[in-house]
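**Student:** One structure coming up, written as structure tokens, with questions to follow.
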RNA sequence: UGAGUAAUCCAGGCAAUCGCAUGGGCGAAAGGAAUUUCGUUUCAUGAGGAAAGUCCGGGCUCCGCAGGGCGAGGAUGCCGGAUAACGUCCGGUGGGGGUGACCCUAAGGAAAGUGCAACAGAAAACAACCGCCGCAUUUCGCGGUAAGGGUGAAAAGGCGAGGUAAGAGCUCACCGGCGGAUCGGUAACGAUCUCGCGUCAAUGCAAACCCCAUUCGGAGCAAGACCAAGCAGGGAGGUAACUGCGCAAAGCGCAAAGUGCCUGAAAGGCGGCGGCCCGUCGCUUCCCGGAAGGUAGGUCGCAUGAGCGCAUCGGCAACGAUGCGCCUAGAUAGAUGAUUGCCGAAUACAGAACCCGGCUUAUAGGAUUACUCAUUUU
RNA sequence: CCGGGUGUAGCGCAGCUUGGUAGCGUGCUUGACUGGGGGUCAAGAGGCCGCAGGUUCAAGUCCUGUCACUCGGA
């Protein structure tokens, strides 16, 4: 079964990128868009610049865990793309969470 | 005690809270039922020794056949065994290295043929530059000679004696080489000899072409099958009769170059790609049409397998046989993470994607076994 | 998953077929010509031929393994 809260289609990605609404922090870059749905959708990306498969998995897991802890504060109805930067590998989960929280605040989605 | 050789094993553990995936349970809804959908955190399970590189070998699937054919090409290459198979593994032989435990070894054929051997050197494979000897002689020269010099990575078995004009396996002893016989061994090969060979006619390279032996069809799970939606295309074989080609030939084989014949609704041609046929793509001729092909939407393929553990037996071993027990990831943008505490020297390389057998490479720290050498003590 | 290509001087590339001398352009250094720059000319330096083994008398070249980069296809 495909999960509905995961961004999957190529057109969704190109639409979000075309809006060029993004905020960058030390560890992650966030692209976002309103989707007019009763739930939020998100994607966690780690390119080959981050490292080999172990490092990329590590980066995505850190972002997932951080997002999970922030999920209650975020109102539904947004699409997110989280892109890992290479600096994320040496950091702890708490640091990633702080950076992500600050980025989303700057985007004006939470206060 | 120190130095070393060979091999095996582990790959942080435990507890608590939150979170993820798969499967089960429970609850709810739909349905006659099988079943399907939703919810729940109640239970179980949840990456590796290399999951990696994709270098070999298989299973599986499709390609008409699949244990295809051939003129091309690839791979392997001491002997025997193991195995589903292998370029892997085990045991041995020859060669090389180490005081030793032990390690390394692409190790068939160079009188089947072709080719190459820079520079130096007279000459690099039918050898005469210097030298030596004989003849001739003013000089030039003619002939014999591979013992010596010199060059080179390599110079036509070594060494001694006889022999000779000077020399030469020219002759002889010893050593080496080639062959034969006997014995041992499945074999590679080894040992031995009142045995034969001085035509011992001749260097190296085959990881140069090549020859010989063995072996290999192609593509890959995005293979492929089904469903839903959707729309326009699909098809053309055999026969060795004649020429031709392959094998030394009788004869056999090749439908792949041409001719003919048969069957058929129809039996042509051009070009591109893969060694060629076969196939495939595009255009065209002919024939038949509602049957065939394709697509990241879904389902299956997809985890019970050359499986793992223990015991016994056979085998030097790789491995095999029998019995008992066990079920152990299965995602589809892709599940293992976070926080805290304790133990602690405490973490390296690294993440399954159809599945197995190997090889290779990366790797912190630790444990164990057997053996060797040196030193000291008894 | 499948297939191909490239690693040689600071940079861009030849040389590998058929093994024996490592070369070209540009850049660098020095000198000359010019009042100076540019330019031209002359001389010179700079290479463990990606790494590790092997074959060979001899390896950038042949063979095997390995590492990195890169391109294409499904």
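Residue numbers (the numbering used here): 13 to 123. Note that the Cβ used here is the ideal one computed from N, Cα and C, for glycine as well. None of the values given here were measured: they were computed from a predicted structure.
#1: Which value, in whole angstroms, describes the spacing of the CA atoms of residue 29 and residue 19?
#2: With a 10 Å radius around its C-beta and 16 neighbouring C-beta atoms as the bar for buried, classify residue 100 as buried or exposed.
#3: Starting from the C-beta of residue 88, find all residues in its chain whose C-beta is less than 7 Å away, skip the five residues before and the five after it, and write them out in chain order.
#4: Use the C-beta contact count for residue 122: other C-beta atoms within 10 angstroms, 16 or more gives buried, fewer gives exposed.
#5: So, does the segment 41-48 touch the segment 79-87, judging by three or more C-beta pairs under 8 Å?
#6: For residue 77 and residue 105, what's the separation of their Cα atoms in angstroms?
#7: Note down the Cα distance separating residue 5 from residue 120, rounded to an integer number of angstroms.
#8: To the nearest angstrom, how far is the alpha carbon of residue 38 from that of residue 117?
**Tutor:** Walking through what the data contain:
#1: Cα to Cα, the separation comes out at about 13 Å.
#2: Buried.
#3: Within the same chain, residue 88 has close Cβ partners 50, 51, 52.
#4: Answer is exposed; the Cβ neighbour count stays below 16.
#5: Counting Cβ pairs under 8 Å, fewer than three are found: no touch.
#6: The alpha-carbon atoms of residue 77 and residue 105 are separated by roughly 8 Å.
#7: The structure shown does not extend to residue 5, since the chain is modelled only from 13 through 123, so no value can be given for it.
#8: Going from the Cα of residue 38 to the Cα of residue 117 covers about 14 Å.
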